[in-house]
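Undergrad: My questions will all concern the structure given below.
Protein chains: 2
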Amino acid sequence: MKLTGKLFIGASEVAATEGTMKALNPATNQVIEPEFALGGLAEVDRAALLADDAFDSYSHTSLTERAQFLERIADNLDAVRKELAARASLETGLAEAPLEAEAAKAATQFRQFADVVRKGRFLQLSIDPALPERQPRPRMDHRLQKMAIGPVTIFGASNFPISYSVAGGDTASALASGATVILKAHNAHPGASEIQARAIRNAVRESGLHEGVFSMLRGEGNAIGEALVDHPLVKAVTFTGSEVGGMALYRRAQRRPDPIPVFTEMTSVNPTFILPAAQAARGAAIGDGFAERMLVNVGQACLKPAILISIEGPGFDALRDAMAERVAGAPARTMLTPGIHSAYERGVTRLEGEGACRVAEGGTSQAAFDGQSVLLEVDGQAFLSNAALAEEVFGPAALLVKARNEEELLAIARSLRGQLSATMHLEPGDTALARRLLPLLERRTGRVVVNAFSHPQEVSFASIHGGPFPATSDSRFTSVGMTSIERFLRPISYQGFPDNLLPEALRDANPLEVPRLVDGQ
Amino acid sequence: MKLTGKLFIGASEVAATEGTMKALNPATNQVIEPEFALGGLAEVDRAALLADDAFDSYSHTSLTERAQFLERIADNLDAVRKELAARASLETGLAEAPLEAEAAKAATQFRQFADVVRKGRFLQLSIDPALPERQPRPRMDHRLQKMAIGPVTIFGASNFPISYSVAGGDTASALASGATVILKAHNAHPGASEIQARAIRNAVRESGLHEGVFSMLRGEGNAIGEALVDHPLVKAVTFTGSEVGGMALYRRAQRRPDPIPVFTEMTSVNPTFILPAAQAARGAAIGDGFAERMLVNVGQACLKPAILISIEGPGFDALRDAMAERVAGAPARTMLTPGIHSAYERGVTRLEGEGACRVAEGGTSQAAFDGQSVLLEVDGQAFLSNAALAEEVFGPAALLVKARNEEELLAIARSLRGQLSATMHLEPGDTALARRLLPLLERRTGRVVVNAFSHPQEVSFASIHGGPFPATSDSRFTSVGMTSIERFLRPISYQGFPDNLLPEALRDANPLEVPRLVDGQ
Chain Z
270 MKLTGKLFIG ASEVAATEGT MKALNPATNQ VIEPEFALGG LAEVDRAALL ADDAFDSYSH
330 TSLTERAQFL ERIADNLDAV RKELAARASL ETGLAEAPLE AEAAKAATQF RQFADVVRKG
390 RFLQLSIDPA LPERQPRPRM DHRLQKMAIG PVTIFGASNF PISYSVAGGD TASALASGAT
450 VILKAHNAHP GASEIQARAI RNAVRESGLH EGVFSMLRGE GNAIGEALVD HPLVKAVTFT
510 GSEVGGMALY RRAQRRPDPI PVFTEMTSVN PTFILPAAQA ARGAAIGDGF AERMLVNVGQ
570 ACLKPAILIS IEGPGFDALR DAMAERVAGA PARTMLTPGI HSAYERGVTR LEGEGACRVA
630 EGGTSQAAFD GQSVLLEVDG QAFLSNAALA EEVFGPAALL VKARNEEELL AIARSLRGQL
690 SATMHLEPGD TALARRLLPL LERRTGRVVV NAFSHPQEVS FASIHGGPFP ATSDSRFTSV
750 GMTSIERFLR PISYQGFPDN LLPEALRDAN PLEVPRLVDG Q
Chain R
270 MKLTGKLFIG ASEVAATEGT MKALNPATNQ VIEPEFALGG LAEVDRAALL ADDAFDSYSH
330 TSLTERAQFL ERIADNLDAV RKELAARASL ETGLAEAPLE AEAAKAATQF RQFADVVRKG
390 RFLQLSIDPA LPERQPRPRM DHRLQKMAIG PVTIFGASNF PISYSVAGGD TASALASGAT
450 VILKAHNAHP GASEIQARAI RNAVRESGLH EGVFSMLRGE GNAIGEALVD HPLVKAVTFT
510 GSEVGGMALY RRAQRRPDPI PVFTEMTSVN PTFILPAAQA ARGAAIGDGF AERMLVNVGQ
570 ACLKPAILIS IEGPGFDALR DAMAERVAGA PARTMLTPGI HSAYERGVTR LEGEGACRVA
630 EGGTSQAAFD GQSVLLEVDG QAFLSNAALA EEVFGPAALL VKARNEEELL AIARSLRGQL
690 SATMHLEPGD TALARRLLPL LERRTGRVVV NAFSHPQEVS FASIHGGPFP ATSDSRFTSV
750 GMTSIERFLR PISYQGFPDN LLPEALRDAN PLEVPRLVDG Q
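Those sequence lines, one after another, are chains Z and R. Numbering-wise, our numbering puts 716 at position 447 of the first sequence, and it's gapless, one number per residue. Numbering-wise, our numbering puts 429 at position 160 of the second sequence, and it's gapless, one number per residue.
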C-alpha cells in the first residue's frame, strides 16, 4: 500500500492545510518518507460535522449490519498485517514479531465486539410492563435500551501503535456502541496510523455506511486535539497517555459550556506484593518473572510492573538476585520517541536523587534513543516518607521496595494512589496477610492479580483496565475488555409507546431475540 | 418527636459551631422554632473521616444485612410519616396530603432498593473461566463484580423535601450500592431533614453498622457544600437543583487534584409536542391534562411540562382554551422559599420581555410568597429566533408555542438543549411525523413519553430521570429508578484468585445464588 500522507475526513483524502511532517525512525534517528499532512481547525469542524451528520443513521444500524462492519474492519486489518507491523516497527523501534501479534489482536478485538453487538446484551434491554390496576395510580409501560452518546474523539496513543492507536480498543468499542469516531492520530507513527485508518475507512465504504462514521486527523502540537475536545458536536473523549496530558484534556473538556465525559487512562505503577510464604517458596521465580514483564515493550506499557514490595526474610535475596540477573542481561533497546527516551533518563535520575539505589543495570546504549534497563531498590521507610518514589517512570526501570515487616507492607499499600492493577504473590500460608491486604488493594485498583503479573491484559468480559484516579479519570469504566463499550452508551426510556414506534429490540415480538429484563428480573 | 436542631455526625448529635438558623414558614412569612445548628469545615472533616472509616465494613456487608438495613430505614420513615409531612408542610407551604404520599413513596423506594440489593443483579457478576489450553497463551480465570466507589456527598433539594432530600432516591441508591453517605441538608426544610436523618441514623444503630455510614450536616451559605465537594475522602457527589448551582459544584469537583464523578440534575422544560391528528381528536383533553401537570407542586418540579409545541390547525383553539381555563381557575399558592418566589416572578417577566404573550393567569397572590399561575404564548418563528424563550422558569408558568407547520415543529425540536423528558401526543395518523420527530427527541432526552405527561416519574427499572446536558451533567446515568445505583458503582476484576480469597458472590459454589455471566453469556 502506498502511503498518501493525507488526512481522512470521511471518504475524502485531504491535503495539508497547516504544513507537513515526517516520521522519525528512533532506531536510526533518521526521518522516513513520505510527508504527512497536518490539519487545523477547519478540518476539525469538517470532520465533526460529518460525524454528527452520520450519527443518526449509524447509531440506528441493525445489530447485524453493525457487526458485519466491525468484521470487515477486522478482515481489512488482517489483510495488511505484515505491512502494518513493518511500518509500525520502523516508526517505533519495536520489533516486528510482537507488532504482528498486536495487529492480530486488534483484528480479534473487532471480531469480539462484533460478537458483543450481535448478542445485543450491551443494549441492556429492560421492560416494566403496564400495571393498569395498580393503586394509587396505574403504571404505564416503560421500555429501556442503551444508545450511543454521540460522536466521539479518540486520541491514538504512542506506546502500542496498533492496539491503543487507530484500530485499538477505543475505536472498536466506540464503533460497536453506535458512536461515530474522529480519531486524532499520534504523530509518532503516522504511517502505521494511515494503514489502520484506511482499513477502517474502506470498511465504512464496503458496508455502505455514511462516510462520517470515521475520520482521522493529524496536527502540529496540541491545537488540533484541543479543538476536538472543544467542538460542540463531540460528545465524549478517550485518551491513553501521560497524567499531564490526560489531565490537560480532561480539565479542558470540563470547562466547556457543556462538559462531556472524558475517559483518560494515565498512570499506574502496578504494585506487586510478594507475601512471605510465596517469597520463601519461589522468590527466584517471582523475581525473574517480574523482571521479564517489566522489560516488555522496553518498559513502555501502562501495565508494566514498576514497583515490587517485598519483606526482608527467607527468599528475599533469591528474589532480588533473579531480578538483578535478568535486568543485567537485558540489552539497551530503542525507545519510542526522543521525548520518551529523555523523560525516561530523567525519571531514573530522579528516583536515584530521591534515594533509590541502583541494584543492577542492563547493557549500555548503542544508539541515541536506546533505553538502558535499570533495577533500583529502596527500603520501606524511605519509600513511605517520599511520595515521589511511587511515581511512574515510563521505560525499562523498576523499583524494589524492601519492607521490614507485614505492617510496613500494609502501610505501603495504604500509601498508594489509584492503580490499574495490583498483584499478590501468595501461598496458602499467606492467607491471613492477604485478607488484610486485599481490601486496601480493592479500594485502589481496578484489577487484583494473584500469582501472575500485571502484564499481559486479558481482553474479555470480566477483565478491567481501569481504576481509581490517577490510573484513570473515572473508576466506573474500563478502556479494555468488552464492558469498555459502556463508556459510550446512555440509557433512554420509552414510555407508553405503540409497538410500531419502538426500536426493534424493544418490540413485543422481540424480533432480535436479545435477552430482556422484565421488572428487573 | 422533639427536634433537637443538631448536626448528625455518625452517632453524635453535634451542637452549632458556626451559629444557628430557623426555618421560615413561607405561607405566613414567620420563622418557626426550634433553632438549627450550623457547622463548618471541622464538621465536614469529622463526617468525612467517619464515612471513610465506615466504608470498608459497610461496602462489604452481606446483601441480606444491607437489605435489612434499607428496610429498617423504610420502617422508621413509615413510623414518622404524619409528623414528617406536617413539618415539611410548615416549612415548604406544600399541602400535607401530597407530602404524606411523598413520604410513603420514599419508604417504598428504600424497600425497592432492598429488593435490588437482595437480588444482587447490581453486582453485575461476570466470570471468564481459565482456558489453560488456549493458544498462543492460556487465559487465567477472571471474575468481576461491582463495588461502591467510596463515601458520597448528597445535596438535599428544596422542591421535594422528602423524595429528593434526606431520605430521597440519591440516599437510597447510594446506601444500596454500599457507599457511605454525608448528606448536606437543604436549609429550606431543616426540621423535615432532621426527622428523616433520625430515621436513617436510628436504622444504622439498630442494624449494628458503623456509625459513619450516615451523617447529616448543615451550614450557612455555600461553604459547607464546597468543603464537602473538595474533601479528599469524598469520592462522588449528587445534586438536584438549578443549573447555576449544579454547574458551580460540578466545576468545583473537576478542579480537585483528583476529579470525582458529580451527577447533577439541573434543568428541563420537558417539551410536549402535540401532533396534528391527536390535536384534532382531543385537543381540549390534552390542553387540560398539560395544564393540570404544570401546576403540580406549584410548578416547582423538574418534570413540570413547561413548553407545549403545537401546530396551527384543527383542535388548536380547543387545546389553548382548555389550558387557559385551567390556569385561570388556579388559585395563587405558596412557593417554597422567598428566593424561589422572586426568581419565578422575574422569570415570567423575562419571558414576557422576550415577546411571549400572556394568554391566561390564575388567581392573584394573597400572601408574600404566593405564585400566580401564568400561561404564555409565542409563535414558532419567535421561539426559534430567541433561545431565551426555551429556558426554564421554575414555578407555575408554561409557554405555548404555535408552529406554522410540521417543518417548524421539527425545527423547534432540533433547537432544544438536553431534557429529562419529551412527550408526543399522537394518533395513528401522526405516525409519519412521529417517526421524523423521534430521532430528534432521542438525542436530546432521557425519556420519551407517548400520550401521557412528563410528570409523574415512575420509579422502576426501565424508567430514566436523566438526559443530555444541561438536564444532567452526565447522560449515561439516571438519578431516579433502580439503575440510579450505577452512579456509585465501579468494577473490580479478580484474576487467578483462590476460591477462599474471592468475595462470596464470586466463589465457585455461588453461595448467594446471584445470576452470573459466564464469558458474557
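Note that beta-carbon positions come from the ideal geometry of N, C-alpha and C, so glycine has one too.
Within 10 angstroms of the Cβ of residue 299 (chain R), are there 16 or more other Cβ atoms? Answer buried if so, exposed if not.
TA: With fewer than 16 Cβ atoms within 10 Å of its Cβ, residue 299 (chain R) is classed as exposed.
Undergrad: Can you check whether the C-beta of residue 719 (chain R) is within less than 8 Å of a C-beta belonging to chain Z?
TA: It does: the Cβ of residue 719 (chain R) has a partner Cβ on chain Z nearer than 8 Å.
Undergrad: Which residues, in order along the region 315 to 330 of chain Z, keep a beta-carbon less than 9 Å from a beta-carbon of chain R?
TA: Result list: 324, 325, 328, 329.
Undergrad: Any idea what DSSP makes of residue 567 (chain Z), helix, strand or coil?
TA: Helix.
Undergrad: By the 8 Å beta-carbon criterion, what residues does the region 758 to 789 of chain R contribute toward chain Z?
TA: Residues 758, 759, 760, 761, 762, 763, 764, 765, 766, 767, 769, 770, 786, 788, 789.
Undergrad: Could you check whether the region 664 to 681 of chain Z touches the region 569 to 588 of chain Z, counting it as contact only if at least three pairs of C-beta atoms, one from each stretch, sit closer than 8 Å?
TA: Touching, per the Cβ criterion.
Undergrad: Along the region 411 to 422 of chain Z, what residues have a CB closer than 8 Å to any CB found in chain R?
TA: Under the 8 Å Cβ criterion, the region 411 to 422 of chain Z contributes 411, 412, 413, 416, 418, 419.
Undergrad: By Cβ distance below 7 Å, which residues in the same chain neighbour residue 772 (chain Z) in space, the five residues on each side in sequence not counted?
TA: 414, listed in sequence order.
Undergrad: Name the residues in the region 502 to 530 of chain R whose C-beta lies less than 7 Å from a C-beta of chain Z; which are they?
TA: Per Cβ criterion, the list reads 519, 520, 523, 527, 528, 530.
Undergrad: Please tell me whether residue 431 (chain Z) has its Cβ less than 8 Å away from any Cβ of chain R.
TA: Closer than 8 Å: no.
Undergrad: Work out the CA separation of residue 470 (chain Z) and residue 340 (chain Z) for me, nearest whole Å.
TA: Rounded to the nearest angstrom, the two C-alpha atoms are 13 Å apart.
Undergrad: Could you give the C-beta distance for residue 723 (chain Z) and residue 747 (chain Z), rounded to a whole number, given that I count them as a contact under 8 Å?
TA: Not a contact, Cβ separation roughly 15 Å.
Undergrad: Below 7 Å between beta carbons is the criterion; list the residues of the region 578 to 595 of chain Z that meet it against any residue of chain R, in chain order.
TA: Flagged: no residues at all.
Undergrad: Kindly provide the ranges of any alpha helix (DSSP H) runs that are 4 or more residues long and lie completely inside the region 330 to 370 of chain Z, ordered along the chain.
TA: Qualifying alpha helix (DSSP H) stretches, in chain order: 332 to 348, 350 to 361.
Undergrad: So is residue 715 (chain R) in contact with chain Z if we call contact Cβ pairs under 8 Å?
TA: Closer than 8 Å: yes.
Undergrad: Can we say the region 478 to 494 of chain R touches the region 273 to 289 of chain R, given the rule of at least three CB pairs closer than 8 Å?
TA: Verdict: yes, contact present.
Undergrad: If we count the other Cβ atoms within 10 Å of its Cβ and call it buried at 16 or more, is residue 788 (chain Z) buried or exposed?
TA: Exposed: under 16 other Cβ atoms inside 10 Å.
Undergrad: Less than 8 Å between the C-beta atoms of residue 365 (chain Z) and residue 429 (chain Z), yes or no?
TA: Not a contact, by the Cβ cut-off of 8 Å.
Undergrad: Looking at the C-beta of residue 380 (chain R), does it have a partner C-beta in chain Z at a distance below 8 Å?
TA: No, because no Cβ of chain Z sits closer than 8 Å to the Cβ of residue 380 (chain R).
Undergrad: Name the chain R residues whose beta carbon is nearer than 8 Å to that of residue 408 (chain Z)?
TA: Simply 727, 729.
Undergrad: Mapping the DSSP letters down to three states, classify residue 751 (chain Z) as helix, strand or coil.
TA: Three-state DSSP puts residue 751 (chain Z) in a helix.
Undergrad: Hey, is the region 545 to 553 of chain Z in contact with the region 583 to 595 of chain Z, meaning 3+ C-beta pairs nearer than 8 Å?
TA: The answer is yes - the region 583 to 595 of chain Z touches the region 545 to 553 of chain Z, with three or more Cβ pairs under 8 Å.
Undergrad: Take every Cβ of the region 594 to 610 of chain R, pair it with every Cβ of the region 634 to 645 of chain R, and state whether three or more of those distances are shorter than 8 Å.
TA: Contact between the region 594 to 610 of chain R and the region 634 to 645 of chain R is present, because at least three Cβ pairs lie under 8 Å.
Undergrad: Given that a residue counts as buried once 16 or more other Cβ atoms are within 10 Å of its Cβ, and exposed if not, what is residue 271 (chain R)?
TA: Flag for residue 271 (chain R) reads exposed.
Undergrad: Any contact between the region 304 to 314 of chain Z and the region 426 to 446 of chain Z? By contact I mean 3 or more CB pairs, one from each, below 8 Å.
TA: Verdict: no, contact absent.
Undergrad: At which residues does the alpha helix (DSSP H) containing residue 677 (chain R) begin and terminate?
TA: Residue 677 (chain R) -> alpha helix (DSSP H) spans 675 to 684.
Undergrad: Identify, in the order they occur along the chain, each residue of the same chain with its Cβ nearer than 7 Å to the Cβ of residue 648 (chain R), setting aside the five sequence neighbours on each side.
TA: Closer than 7 Å at Cβ, skipping near neighbours: 671.
Undergrad: In terms of residue numbering, what span does the beta strand (DSSP E) encompassing residue 715 (chain R) cover?
TA: Start and end: 714 to 719.
Undergrad: Using the Cα positions of residue 338 (chain R) and residue 476 (chain R), report the straight-line distance between them to the nearest angstrom.
TA: Their backbone Cα atoms lie some 6 Å apart in a straight line.
Undergrad: May I have a chain-ordered list of the beta strand (DSSP E) segments no shorter than 3 residues that lie completely inside the region 400 to 426 of chain R?
TA: With a minimum length of 3 residues, the continuous beta strand (DSSP E) runs that stay inside the region 400 to 426 of chain R are 411 to 417, 421 to 424.
Undergrad: Residue 596 (chain Z) lies in the alpha helix (DSSP H); which residues open and close that run?
TA: Looking at the DSSP string, the run of the alpha helix (DSSP H) that includes residue 596 (chain Z) is 585 to 597.
Undergrad: Taking 8 Å as the cut-off, decide whether the C-beta atoms of residue 416 (chain Z) and residue 326 (chain Z) are in contact.
TA: Result no, Cβ atoms of residue 416 (chain Z) and residue 326 (chain Z) do not sit closer than 8 Å.
Undergrad: Residue 743 (chain R) versus chain Z: which residues are under 7 Å apart at the beta carbon?
TA: Simply 530.
Undergrad: Bridge partners of residue 294 (chain Z), per DSSP?
TA: Beta-bridge pairing links residue 294 (chain Z) to Z:299.
Undergrad: Since residue 707 (chain R) meets chain Z, which of its residues come closer than 8 Å, beta carbon to beta carbon?
TA: Those within 8 Å of residue 707 (chain R) in chain Z are 770.
Undergrad: Under DSSP, the beta strand (DSSP E) around residue 533 (chain R) begins and ends at which residues?
TA: Counting along the chain, the beta strand (DSSP E) containing residue 533 (chain R) begins and ends at 531 to 534.
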